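> Sharing a structure, written as structure tokens. Questions coming.
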């Protein structure tokens, strides 16, 4: 049995995720998200979808990017 890198739980159904050169072991998607998903530069929520990028930062949505001063982004065309 392997141990989850996020919560320390020992579990027989763990899985690994590799991002670049880094490989981590998890017992749930919740733990994987907490460890590997980026956070919004404005509201700090975990970004589970594509997000938006502006000024070298990643945001969960255009609203958060606008709140941070990036007025050229929109959620809809």
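In our numbering, the protein residues as written are 2 to 78. Yeah, the Cβ is synthetic: ideal placement off N, Cα and C, and Gly gets one too. As the structure is a prediction and not an experimental result, all values here were calculated from the model.
1. Below 8 Å on the Cβ atoms is my contact criterion, and I expect residue 18 with residue 33 to pass it. Report the Cβ-Cβ distance as a whole number of Å.
2. For residue 55, list the residues DSSP reports as bridge partners.
3. So, with DSSP's three-state summary, where would you put residue 3?
4. Near residue 20, which residues of its chain fall below 8 Å by C-beta distance, leaving aside the five closest residues on each side in sequence?
5. Between which two residues does the beta strand (DSSP E) containing residue 23 stretch?
6. When you compare only the Cα positions, how much space is there between residue 69 and residue 15?
On the basis of the supplied data:
1. Taking the chain shown and counting its residues from 1, one reaches residue 18 at position 17. Taking the chain shown and counting its residues from 1, one reaches residue 33 at position 32. Contact holds; Cβ gap of about 6 Å.
2. As a working mapping, residue 55 is identified with position 54 in the chain shown. Answer is 58.
3. The residue you call residue 3 lines up with position 2 of the chain shown. In this structure, residue 3 counts as strand in the three-state DSSP scheme.
4. Here residue 20 refers to the residue found at position 19 when the chain shown is read from its first residue. Here the set comprises 37.
5. The sequence position of residue 23 within the chain shown is 22, counting from 1. That run of the beta strand (DSSP E) goes 23 to 27.
6. Here residue 69 is taken as the residue at index 68 of the chain shown, counted from 1. Here residue 15 is taken as the residue at index 14 of the chain shown, counted from 1. Going from the Cα of residue 69 to the Cα of residue 15 covers about 38 Å.
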